[in-house]
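Let me begin by presenting the structure, written as structure tokens, before commenting on it.
In UniProt numbering, the protein residues as written are 1 to 251.
Here it is, written out as structure tokens:
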């Protein structure tokens, strides 16, 4: 919820000056920074601090450092969102490589990979969190899978006003090719990232519980982005949800 609210704020609602102030407050992570913000962002910021403090109380005392790592990657995500807002404000057209590097992080999946581990208790160690918070290839590939599938779904559905340049558009402009060629290239990159996830199972034995959780999270992406952007327009999930939880299974 917090990530979606922050994403929408940076993308659609805040001015560039407000985006800069919000990021400055999130990097400070202190109630004293509330006064930096306009009233509507003060409410978000106070709730953000409250929820993270509540999470610290909910985990075992020995696991409070889990929340500290989640906070760190949330702060990183804010900086990525600000970079996107700055590009849009400056009408900057990034290269395909630069756009992919940023979008793989700003999609939020690497952040969520850490957040999903906060309540895992003894299954994960401080070393595991340190490894994951350093954004190894497996978390970056998870982010790439999410952003590339999102870009394909969004491109097919039509770009909304104010959206940043997608990877498909960057590739088309940079290489002067059609959308069909660009999408074909994106699909081949997706294959490479799925292979990276599979390889991680064999390369990171000490971090296996975290790797499995990251891969399980990545495996959910086709549910949201296989055909249409069902994350943004959740009506597209209606039939799937009904088939799983509402309709009876014929015997």
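Backbone N, C-alpha and C define an ideal beta-carbon position, used for all residues, glycine too. Only a predicted model underlies this, so the values are computations on that prediction, with no experimental measurement involved.
Taking contact to mean at least 3 C-beta pairs separated by less than 8 Å, is the region 80-87 in contact with the region 140-154?
The region 80-87, when compared against the region 140-154, does not touch it at the 8 Å Cβ threshold.
List, from N- to C-terminal side, the alpha helix (DSSP H) runs of 4 residues or more that fit wholly inside the region 173-209.
Runs of the alpha helix (DSSP H) inside the region 173-209: 179-203.
On the premise that residue 55 lies in contact with residue 117, defined as a C-beta separation below 8 Å, what is that separation, rounded to the nearest angstrom?
Actually they do not touch by this definition, with Cβ atoms about 12 Å apart.
Across the region 132-148 and the region 184-192, are there enough close Cβ pairs to call them in contact, namely three or more that are closer than 8 Å?
Enough Cβ pairs lie closer than 8 Å, so yes.
Is it buried or exposed, residue 236, if we count other Cβ atoms within 10 angstroms and call 16 or more buried?
That one is buried.
So, with DSSP's three-state summary, where would you put residue 231?
Three-state DSSP puts residue 231 in coil, outside helix and strand.
Count the other CB atoms, across all protein chains shown, that sit within 10 Å of the CB of residue 144; report buried if there are 16 or more and exposed otherwise.
Per the 10 Å Cβ criterion, buried.
Taking the alpha-carbon positions, what's the residue 58 to residue 29 distance?
Taking the straight line joining both Cα atoms gives about 20 Å.
Shortest alpha-carbon distance to residue 127 belongs to which of 139, 69, 100?
Comparing Cα positions, the closest option is 69.
From residue 248 to residue 183, what does the alpha carbon distance come to, in whole angstroms?
C-alpha separation (whole angstroms): 38 Å.
If we count Cβ pairs, one from each stretch, closer than 8 Å, do we get three or more for the region 169-184 versus the region 96-111?
Touching, per the Cβ criterion.
Can you tell which of 63, 13, 60 has the C-alpha that lies nearest to the C-alpha of residue 44?
Closest by alpha carbon: 13.
With DSSP run on the structure shown, which of helix, strand or coil describes residue 31?
Residue 31 falls in the helix class under three-state DSSP.
Are the CB atoms of residue 3 and residue 111 within a distance shorter than 8 Å?
Cβ atoms of residue 111 and residue 3: closer than 8 Å.
Would you kindly check if the distance between the Cβ of residue 34 and the Cβ of residue 42 is under 8 Å?
A contact, by the Cβ cut-off of 8 Å.
Do residue 114 and residue 132 have their beta-carbon atoms positioned less than 8 Å apart in this structure?
Against a cut-off of 8 Å, the Cβ pair of residue 114 and residue 132 comes out as a contact.
Roughly how many angstroms lie between the CA atoms of residue 210 and residue 124, to the nearest whole one?
Their backbone Cα atoms lie some 7 Å apart in a straight line.
Taking the C-alpha atoms as reference points, what is the distance between residue 229 and residue 120?
Their Cα atoms are separated by approximately 30 Å.
Out of 213, 154, 203, state which residue places its alpha-carbon closest to the alpha-carbon of residue 179.
Residue 179 has its Cα closest to that of 154, out of 213, 154, 203.
With distances taken from CA atoms, which of 216, 16, 52 is nearest residue 142?
Of the candidates 216, 16, 52, the one whose C-alpha sits nearest the C-alpha of residue 142 is 216.
Within 10 angstroms of the Cβ of residue 171, are there 16 or more other Cβ atoms? Answer buried if so, exposed if not.
Buried: at least 16 other Cβ atoms inside 10 Å.
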